[in-house]
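So that you can map any letter, position 41 of the sequence shown is 245 in my numbering, and since no number is skipped, the others follow by simple counting.
A short worksheet on the structure shown next.
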Amino acid sequence: MRRDFERGRLMPGVSQRWEPVTARGGSGAGGMAELADAAIAARGRVERALDAAGPEFSGLLVDVCCFLKGLEQVERERQWPQRSAKLMLGAGLRILERHYNPPQLPRHSSMRVWAGENYRPGLGDGIDV
C-alpha cells in the first residue's frame, strides 16, 4: 500500500519541487501520459485497499503505513490508551493481507461423475422428446 501511495503521488508536499517529473524509460507526451496512468492506477489500488479495511482501520493504516507515524504518536493524536494502536494495527494489517493475498479456493483436478467408467451419455437418456 505504501508503494502505491507514493506512486500515486498522494503524499502532501510542503514545498515546491524543482526536479522535472519524468516517466521511467519514456519521454515526451507519451511518457507523461504513462506517468499519469500509473499514478491513477496506484491511487485506485490505495482506494480499494482502504475500502477493504473499512472506516475503522483506514485512517490508522494511512497514518502508520503511508505517513510513517509511530504508534505512540497515533495513540496521542487519537487519545487512545497505551498499546491500543498496536492491537488495532495488527487487525488492520491482517485485513490488508487478505485484500492483497486473497485465500485461494481449492481447485479440482477433474470432474466428478456418478457413472460407470465406460458410460457415455446419449441424447435420449432419460428424456422423452
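Note that beta-carbon positions come from the ideal geometry of N, C-alpha and C, so glycine has one too.
Quick caveat: nothing in here was measured; it's all calculated off a predicted structure.
Assuming residue i is part of the alpha helix (DSSP H), what are its boundary residues?
i    : result
F209 : 206-211
A289 : 288-304
V278 : 275-282
Please state whether DSSP places residue i in a helix, a strand or coil.
i    : result
F261 : helix
R252 : helix
A246 : helix
L309 : coil
E321 : coil
A237 : helix
Would you mind sorting residue i into buried or exposed? The rule is 16 or more other CB atoms within 10 Å of its CB.
i    : result
G320 : exposed
L272 : exposed
G326 : exposed
D208 : buried
M215 : exposed
L265 : buried
A253 : buried
A246 : buried
Which whole-angstrom value describes the C-beta separation of residue i and residue j, a residue pair presumed to lie in contact below a C-beta threshold of 8 Å?
i    : j    : result
V250 : M205 : 6 Å
Taking 7 Å as the cut-off, does the CB of residue i come closer than this to any heavy atom belonging to the ligand HEM?
i    : result
W284 : Within the structure as shown, the ligand HEM is missing, as the structure has no ligands at all.
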